[in-house]
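Peer 1: One structure is given below, represented as structure tokens, and several questions about it will come after.
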Amino acid sequence: MALFLSTFVNKVDRKGRVSVPASFRTALASSGLAGIVVYRSFIHPCAEGCGLDFMERLSASTETLDLFSAEQEELSALIFADARQLAWDPEGRVVLPEDLIAHVGIGESASFVGKGQTFQLWEPEAYRAHEAEIRARALRNRPTLPLRPPAAPPRGGEAP
Numbered sequence: 001m002a003l004f005l006s007t008f009v010n011k012v013d014r015k016g017r018v019s020v021p022a023s024f025r026t027a028l029a030s031s032g033l034a035g036i037v038v039y040r041s042f043i044h045p046c047a048e049g050c051g052l053d054f055m056e057r058l059s060a061s062t063e064t065l066d067l068f069s070a071e072q073e074e075l076s077a078l079i080f081a082d083a084r085q086l087a088w089d090p091e092g093r094v095v096l097p098e099d100l101i102a103h104v105g106i107g108e109s110a111s112f113v114g115k116g117q118t119f120q121l122w123e124p125e126a127y128r129a130h131e132a133e134i135r136a137r138a139l140r141n142r143p144t145l146p147l148r149p150p151a152a153p154p155r156g157g158e159a160p
């Protein structure tokens, strides 16, 4: 599974092309994808990005919802109907769709924000403001994460 780390701000040209960070391309190529998958976030003014393996996990998650339920229909439309596979060119650039550029408010540059198994695309100033807000909230609330030990390897000839 791809792992996206760090934040990169890259120029966007007049044709909507932007270079995908090299470390993101490496992570995605290891999962067999020569591009990115993006969809408009329904939570923030950004785009969500990932590889196909993560989209497959999202699809499996929606299968746990009741078929044809409002929740299943809405999530499927918000994620899968809006998702685009954007192949990169030989220089590692993708062309951002106009509706995605408008949703995010991207102008001359875009921020690629690593979020572990996913990443986000933001207008750089909007992300700086968002980051300041979440950093201030984290300092107030001091969130913690449970550190789970790695799974033990199977012993002997036992089935996992």
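Positions 1 to 160 (my numbering) are the ones given, in order, by the sequence shown.
Don't be surprised by glycine CBs; every beta carbon is placed ideally from N, CA and C.
1) Mark I43 as exposed unless 16 or more other C-beta atoms lie within 10 angstroms of its C-beta, in which case mark it buried.
2) Considering only C-alpha positions, which residue in the set S19, S23, I36 is nearest to R84?
3) If you draw a straight line from the alpha carbon of R25 to that of T64, how long is it in whole angstroms?
4) Please state if the CB of L33 and the CB of G49 are separated by a distance shorter than 7 Å.
5) Relative to the C-alpha of L86, which candidate in I134, L28, A129, E56 has its C-alpha closest?
6) For T7, which of helix, strand or coil comes out of DSSP?
7) Mapping DSSP to helix, strand and coil, what is S31?
8) By the three-class DSSP mapping on this structure, what secondary structure does K58 have?
9) Please report the straight-line C-alpha distance between W122 and R148, rounded to a whole angstrom.
10) Specify, as a first and last residue, the run of the alpha helix (DSSP H) that S76 falls within.
11) Can you tell me where the beta strand (DSSP E) with R17 in it begins and where it stops?
12) Can you find the residues in the same chain that come closer than 7 Å, C-beta to C-beta, to R40, ignoring five residues on each side of it along the sequence?
Peer 2: Quick look at the numbers:
1) Translated into positions along the sequence shown, residue 43 becomes position 43. I43 comes out exposed.
2) As a position in the sequence shown, residue 84 is number 84, starting the count at 1. Among S19, S23, I36, the Cα nearest to that of R84 is on I36.
3) Residue mapping note: residue 25 aligns to position 25 of the sequence shown, counting from 1. Residue mapping note: residue 64 aligns to position 64 of the sequence shown, counting from 1. Rounded to the nearest angstrom, the gap between the Cα atoms of R25 and T64 is 31 Å.
4) Here residue 49 refers to the residue found at position 49 of the sequence shown. Here residue 33 refers to the residue found at position 33 of the sequence shown. Contact flag unset, no.
5) Walking along the sequence shown from the start, residue 86 turns up at place 86. Nearest C-alpha to L86: L28.
6) Counted from its first residue, the sequence shown places residue 7 at position 7. T7 falls in the strand class under three-state DSSP.
7) Counted from its first residue, the sequence shown places residue 31 at position 31. S31 falls in the coil class under three-state DSSP.
8) By 1-based counting over the sequence shown, the position of residue 58 is 58. Checking the displayed sequence, the identity of residue 58 turns out to be Leu instead of Lys. L58 carries a helical assignment under DSSP once its states are collapsed to helix, strand and coil.
9) Locating residue 122 in the sequence shown gives position 122, where the first residue counts as 1. Locating residue 148 in the sequence shown gives position 148, where the first residue counts as 1. Distance between the alpha carbons of W122 and R148 is about 31 Å.
10) What you label residue 76 is simply residue 76 of the sequence shown in a count that begins at 1. Annotation for S76: the continuous alpha helix (DSSP H) segment containing it runs 70 to 76.
11) Counting from 1 along the sequence shown, the entry for residue 17 is found at position 17. Counting along the chain, the beta strand (DSSP E) containing R17 begins and ends at 17 to 19.
12) What you label residue 40 is simply residue 40 of the sequence shown in a count that begins at 1. Counting only Cβ-Cβ distances below 7 Å, and skipping sequence neighbours, we find A47, D82, L100, H103.
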